[in-house]
Structures are given as structure tokens and as C-alpha cells.
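Visitor: Going down the list, the protein sequences come from chains A and B.
Heads up, the first sequence is in this note's numbering, so the first residue is 1318 and it goes up one at a time.
Heads up, the second sequence is in this note's numbering, so the first residue is 13 and it goes up one at a time.
First the structure, which I've put down as C-alpha cells, then a few questions once you've had a look.
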Amino acid sequence: MNKYLKITPEGTKDFLFAECSAMDDICGKIESVFKTGGFKRVITPGIEFYDVFSLPCSGISQEDMFKLSDNKGRLLVVRPDSTLPIARMVSSRLKNSVLPVRLYYKQAVYRNNPTLTGRRNEFMQMGVELLGVKGLRADLEILSTAVKSVSAIASDFRIELGHAEVFDALSDELDIDDAFKEKLRVSIESKNYSALNNLLDKLEPCRAVSAIRSLPSLFGGEEIFGKAAEICRGTKAMSALDYLHTIYNNFAPLNLGDKLIIDLGLVQRNDYYTGFVFAGYINGIGDAVITGGRYDDLLGEFGAPMGAAGFAIDTDAVTMLRLSDENVSYSDNPEVLVFAEDGHEIEAISLVSKLNAQGIKAQFSVLPTLEETKSFAASRKIAEVRTVG
Amino acid sequence: MKPLRIALTKGRLEKTTVELLEKIGYNCDAVKNKGRKLILPVGDNDFEVVLAKAADVITYVEHGVCDLGVVGKDTILENGTSFYELLDLNFGKCRFALATKKGVDFYSGYNTKTIATKYPNVTRAFFDDKNMDVRIIKIEGSVELAPLVGLADGIVDIVETGSTLKANGLEIKEWVTDISARLIANTASLKLRKKEIEELQKKLEAVTQ
């Protein structure tokens, strides 16, 4: 018996009508920001070799990936992320092209989330990657593209900025192994003050220990730089802090106000970030909508070291938010239904084209009788039925 | 703007949290006389309180339909994924422990041990840390029964006074971790409503630390 004949797998869904229109609308707005910025679209395969995602820095654990094998028994995964495949692609196919390259993608990614948590296992992501260049100008370009993208789809948002090196530099000053460092990182990421304190109490007190202790609370506006400088003075984290301040100051003319915030506790799970990192939040969505930053070491893992930065937007979350807004409607109902008497079909179809050209939403009736056409129009709330012939 | 929504773990944690909220000056009469209502206003519509089972508090906060939550560390360890854990509220204190029948040398021998527990993830993590393979059996009710009837070599469970263990001839072999009530926050809420959340956090900190 085909028990699962009529349902979709957990974490996936069909998109119907208004859902598709909303998705097209959101993606279209973002796409136009990307295209205006000179980013060019790429599409990577839906399945990739497991090796692409098994790098220690990938930040995607193997139980989160959908796996299958090819006819030689090699392990494949259904694309769980787009940045790593793009790094693979650039390191091989675009290795000798003129740098920097600006790429964007619009494709679904797949994660095997625990069941019954209401999480999506398939979701559309759009993002940009700017590869082959390091430095402030590239970072400003990426961040301002992110700000433009999120402004195009929402008015109430926050972008928070952090720097991967703040935590890295501070933890390097401590005599700890990688496992302990990861525990520290997790407790900072989750702003788990009590766990962080328990861990740090095991270490010899020093400047770096007390600086790490305050990292999760160091988020807010520009005042954070002053506080952080006091705490981190004399540590290697200072240069990262100064750099972050430079980025922040550069954005002053855009008058983002409290929409741009600093979070020194922003330590992303994806270990490939090396420089500035950021996340974007939209009112009404319970998770980060944008995540991104600089990842200068990743391309080296693929044998083509070069600077790189980018971000991804969870467009499905934005689509769902848009659909829940009662003030927005995505009706694509025709205004006119054109019925043809027998033998006048092509004439009617031509009339539909003529009306469409005038900007009137018209549709050719495929039903055999005028009566059926009229009752269909009534039930679909189509205002006018025209007859040809 | 909508009032902040706080999910409280029904029962004992709820009572103590309400006492704390009153202590820092919020009128909680609606929560105390809740009847069958599940969403209740606090203070002068400063927040909304939602009452839920422990694991559901995490679910509501994680999905962002509640901004904050008060939940035990035991539930966080067992079900936790991604949210901010802002504050140890220092009440609802107890501990996770590994217990066996009195006089049993749990770690001796080569046979794979069987552990009965209501908290399989906590148990798994505890023995993973020791690089020890164990067979874990999930039990829904009184876990103490499992070693007595011969289902398991030991149990991992919450211990408050230890009197249930004692009455059944069990003893604590090892403490696994301390537990208390925690204030948790949705990641996006903390960014979008920083001021309000920080204000409440500071007030709660002042009366719990």
C-alpha cells in the first residue's frame, strides 16, 4: 500500500498561489538589490559530495544533512548550505578569472532537523558572496548590500555586528584546548551567563578571562566600544574592536540609528568566519533572517586562498511573515473571463491578448458552455464575462 | 507595541516566579486568580504571562511566539536548542544524579550498563563525556523502580532530598549536574526589544542573586 502517497515529508510543504506570489515578490525585491549591485547569479547542484561539507569548519554536523550514495558508493548530501559549494566552484572554475567576483544565489537548502519541532527541512535562501578581495571596502559593500536587501523587504529590523577575532584573540591568550574553547563559544553564543561563569571559574583569573566573561553582555549601540575597550585593553582583541568601530562609523551617514547594533557575543556556529560577522532580525520573526560575514580562510581549504565575504537571507521566513500581514493581498484573479461560441475560439483568445495588452487581466474560458463559464466566474468572483461570436 | 510575552512553567516554578514579579513591583493578581485562562496580563499590561508545561516553554520561546521564559535547567539540558539563557534565578534548586542499588559497584566489570531515565539526552551526554557505552531505556513514571525489578543497573534522575531513593534502597553514586530555574529569551526578541528585556532582567537579578 502506498501509505505516504498523499503527504509531503516532514519539514517540507507545497506552496500555493498567494504563497508563491509572496515568495516571488520578496525574492524579486532582494534580487533587484543584488542585480543593481552588480552581483551575478550562479546555481550549484542540489546534490554534492559529502566531502564539500565535512570540513571541520563547515559548522554543519553530519546528522543535520540528508545523505545518499551514488552508483559508485560515494557519499552524497542534499545541499545543506550554499556558501561551501560556491567556495568549491570558485576555487576550481573561477580560479583564473579576474578578481574580485560578485555572485548571488537563490536556491533551496536542506537540513535534517529533529522531528516534531516545527522547523523547515527545506527552505529558500538568497545570498551574495564577494570573492577575491579583503579589507574595509569589501566589508562595507557586503554590509551595505545586506542593509539595502533587508530595507527592501521590511521596515522594522536590526542588523547586529560582531567580529570573529574578538573571541578568537581572547581565547588564544588562555591555556585551553579546542573542546574547552568550543564550550566557551557555545555559552557565549547562547548568552548563557551561568555556564560561562562556571567554565571561566576553572581558569586562572587574568585580563582575557574577565574580558570573555563580559562578552555576551557587550551588545548595544556605540557606547559598547567604550565599554569593550576598557575591558579588552592590552589584549589582542583590540585591533578587531577598532576595526569594528571603523565599520560602524562608516555607516553613520546612513542614519540607521538603533537599527545598527553591536554584539561582541555574536560568535557564529559556522567556524569559517574570520573577520566581521553580522546577523539581521526582522520584527515578527523569531530567528535571525540574515547571517553573514568574512571568511578569508575557507577558499584556502579548497586550494585557492583568497579573501571572501557574504551573507544569506532566509526568504521563506520573510514570505511567511508577509502572508500573515492582513494589509497585504496577493490576489491574481482575472477581471474578465472571455467565452467563445463554437468556432470562435481563436478569435476569443486573440481578444484576451488584446485586453492583456491594455493592462486588463483577462482569461480565456476553457469551459464548454456559457452557463458553466458564468457560474465559474461567480464562484471565483470574476466581475465580467464577455462572449465572442 | 505588543506587551512582552513571558512563558512560565506551570506549577512550583510559576508560583515562585509570580512571587518574584510581585517583589519587583508588578501586580500579578490576574495570574493568581487565573481560572482556566492560559494568557494573563501582568502589572499595568506590562507583560503577558503564558502558562505552559516545561518543555513547551522552550518550544514557545524558541519559535519566538513568547519573548521570555522561566524554565528549569533540567528541561533546558534535555530539550534545549537555540535561545539565550539570561539569568540563573536561583530557585527550584535540585540536582541530577546517577543512583544504583545500595552497595553495587556500578563501574566494575565489562558488561554494558543499562540506565533507566526520564532524561535520555542528559544521560547520553553524561556517559559520552566518560567515553562509556551505555544502554539507555526511557521510563515515563517512577524511575526508581527500574533497578529494583532488574530492568536497569542504575538510574539518572532529579534528586531533591534523596528520600525516595533511600526508601527504596538506592544510593547516589555521582552528581551529574546542578539544576535551578533559568530566565531564557528568544534570540530575535532580545535584539528587537533589548531595553525592555534588559530592564526586567536587571530587576530580577537584583532580587535573586
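By construction, the Cβ of each residue, glycine as well, lies at the ideal position given by its N, Cα and C atoms.
For clarity, every value in this text was computed on a predicted model and none was experimentally measured.
#1: When you compare only the Cα positions, how much space is there between E1490(A) and K65(B)?
#2: For L1433(A) and T1552(A), I'd like the C-alpha separation in whole angstroms.
#3: Quick one: which unbroken beta strand (DSSP E) runs of 3-plus residues sit fully inside the region 110–136 of chain B? Chain order, please.
#4: What did DSSP end up calling D190(B) once you bin it into helix, strand or coil?
#5: Could you tell me whether the region 1588–1602 of chain A touches the region 1464–1477 of chain A, where touching means 3 or more Cβ pairs closer than 8 Å?
#6: Residues of the region 91–119 of chain B in Cβ contact with chain A at a cutoff of 9 Å, in chain order, please.
#7: Between I88(B) and D58(B), what straight-line distance do the alpha-carbon atoms span, to the nearest angstrom?
#8: According to a CB-to-CB cut-off of less than 8 Å, which residues of the region 193–205 of chain B neighbour chain A?
#9: Which residues of chain A have a Cβ atom closer than 9 Å to the Cβ of G76(B), listed in chain order?
#10: So that I know if they touch, is there some Cβ in chain B lying closer than 9 Å to that of K1508(A)?
#11: In this structure, does DSSP put D1631(A) in helix, strand or coil?
#12: Quick one: what's got a C-beta closer than 6 Å to L202(B)'s C-beta in the same chain, skipping five residues either side?
#13: Does the structure place the region 23–33 of chain B close enough to the region 1666–1676 of chain A that three or more beta carbon pairs sit under 8 Å?
#14: On the DSSP letters alone, give me the boundaries of the beta strand (DSSP E) that P53(B) sits inside.
#15: Residues of chain B with a CB under 9 Å from the CB of I1541(A): which are they?
#16: What do you get for V161(B), buried or exposed, if any count of 16 or more other CB atoms within 10 angstroms of its CB means buried?
#17: Rounded to whole angstroms, what is the Cα-Cα separation between A1335(A) and T93(B)?
#18: Roughly how many angstroms lie between the CA atoms of R107(B) and I170(B), to the nearest whole one?
#19: In the DSSP assignment, the beta strand (DSSP E) including V1445(A) goes from what residue to what residue?
#20: Report back the beta-carbon spacing between I1459(A) and G1627(A) to the nearest angstrom; my notes put them in contact at under 8 Å.
#21: Give me the residue from A1339(A), T1325(A), V1705(A) and T1329(A) with the minimum Cα distance to L1640(A).
#22: So with CB distances below 8 Å, who are the chain B contacts of R1428(A)?
#23: So L1416(A) and I1403(A) are in contact, right, with Cβ under 8 Å, and what is the actual spacing, rounded?
#24: When the Cα of Q1680(A) is compared with those of C1337(A), L1654(A) and F1693(A), which residue comes out closest?
#25: Please go through the same chain and pick out, in chain order, the residues whose beta-carbon is closer than 8 Å to the beta-carbon of P1528(A), but skip the five residues on each side of it.
#26: Taking Cβ to Cβ, would you say L1615(A) is nearer than 9 Å to A1625(A)?
#27: Please confirm whether T71(B) has its beta-carbon closer than 9 Å to some beta-carbon of chain A.
#28: From A109(B), L16(B), P15(B) and V82(B), pick the residue whose C-alpha is nearest to that of L177(B); which is it?
#29: Going straight from the alpha carbon of F1383(A) to that of N1429(A), what length do you get?
Guide: This is what the structure gives:
#1: Locating residue 1490(A) in the first sequence gives position 173, where the first residue counts as 1. Locating residue 65(B) in the second sequence gives position 53, where the first residue counts as 1. The alpha-carbon atoms of E1490(A) and K65(B) are separated by roughly 43 Å.
#2: Numbered from its first residue, the first sequence carries residue 1433(A) at position 116. Numbered from its first residue, the first sequence carries residue 1552(A) at position 235. Straight-line Cα distance between these residues: approximately 45 Å.
#3: 125–129
#4: Locating residue 190(B) in the second sequence gives position 178, where the first residue counts as 1. Strand at D190(B).
#5: yes
#6: G92, T93, S94, F95, Y96, E97, L98, L99 and D100
#7: Sequence index remark: in the second sequence, residue 88(B) carries index 76 (1-based). Sequence index remark: in the second sequence, residue 58(B) carries index 46 (1-based). Distance between the alpha carbons of I88(B) and D58(B) is about 26 Å.
#8: R194, A197, N198, T199, A200, S201, L202, K203 and L204
#9: As a first step, residue 76(B) is located in the second sequence; it is residue number 64 there, counting from the start. What G76(B) touches in chain A: G1601, I1602, G1603 and D1604.
#10: As a first step, residue 1508(A) must be located in the first sequence, where it is residue number 191. Yes - at least one Cβ of chain B is within 9 Å of the one on K1508(A).
#11: Against the first sequence, residue 1631(A) aligns to sequence position 314. Reduced to three states, the DSSP call for D1631(A) is strand.
#12: For the purposes of this step, residue 202(B) is taken as the residue at position 190 of the second sequence. Cβ within range, chain order: Y96 and I209.
#13: no
#14: Stepping through the second sequence from its first residue, residue 53(B) is reached at position 41. It spans I51 to V54 - the beta strand (DSSP E) in which P53(B) sits, taken as one unbroken run.
#15: Within the first sequence, residue 1541(A) is the residue found at index 224, counting from 1. What I1541(A) touches in chain B: nothing, since even the nearest Cβ is about 12 Å away.
#16: The residue given as residue 161(B) occupies position 149 in the second sequence. Looking at its Cβ environment, which holds fewer than 16 other Cβ atoms inside 10 Å, V161(B) is exposed.
#17: The residue labelled residue 1335(A) in the question sits at position 18 within the first sequence. The residue labelled residue 93(B) in the question sits at position 81 within the second sequence. Cα to Cα, the separation comes out at about 32 Å.
#18: Taking the first residue of the second sequence as position 1, residue 107(B) is located at position 95. Taking the first residue of the second sequence as position 1, residue 170(B) is located at position 158. Each residue's alpha carbon lies about 6 Å from the other.
#19: By one-based count along the first sequence, residue 1445(A) stands at place 128. Here the beta strand (DSSP E) through V1445(A) covers E1439 to L1448.
#20: Numbered from its first residue, the first sequence carries residue 1459(A) at position 142. Numbered from its first residue, the first sequence carries residue 1627(A) at position 310. Indeed, because the Cβ distance is near 6 Å, the residues count as touching under 8 Å.
#21: Translated into the one-based positions of the first sequence, residue 1640(A) becomes position 323. Closest by alpha carbon: A1339(A).
#22: Here residue 1428(A) refers to the residue found at position 111 of the first sequence. Under the 8 Å cutoff, chain B gives no residues; its nearest Cβ is about 13 Å from R1428(A).
#23: By 1-based counting over the first sequence, the position of residue 1416(A) is 99. By 1-based counting over the first sequence, the position of residue 1403(A) is 86. The pair is not a contact, with the Cβ atoms about 14 Å apart (cut-off 8 Å).
#24: Translated into the one-based positions of the first sequence, residue 1680(A) becomes position 363. Out of C1337(A), L1654(A) and F1693(A), L1654(A) has the C-alpha closest to the C-alpha of Q1680(A).
#25: If you number the first sequence from 1, residue 1528(A) lands on position 211. The question names Pro, yet the displayed sequence has Ala at residue 1528(A). L1487, I1548, C1549, T1552 and A1554.
#26: Working through the first sequence from its first residue, we reach residue 1615(A) at position 298. Working through the first sequence from its first residue, we reach residue 1625(A) at position 308. Yes, the Cβ-Cβ distance between L1615(A) and A1625(A) is below 9 Å.
#27: For the purposes of this step, residue 71(B) is identified with residue 59 of the second sequence, where counting begins at 1. Taking Cβ atoms only, chain A reaches closer than 9 Å to T71(B), which makes this a yes.
#28: The count along the second sequence starts at 1 and reaches residue 177(B) at position 165. Closest option to L177(B), Cα to Cα, is A109(B).
#29: For this step, residue 1383(A) is matched to residue 66 along the first sequence. For this step, residue 1429(A) is matched to residue 112 along the first sequence. Their Cα atoms are separated by approximately 6 Å.
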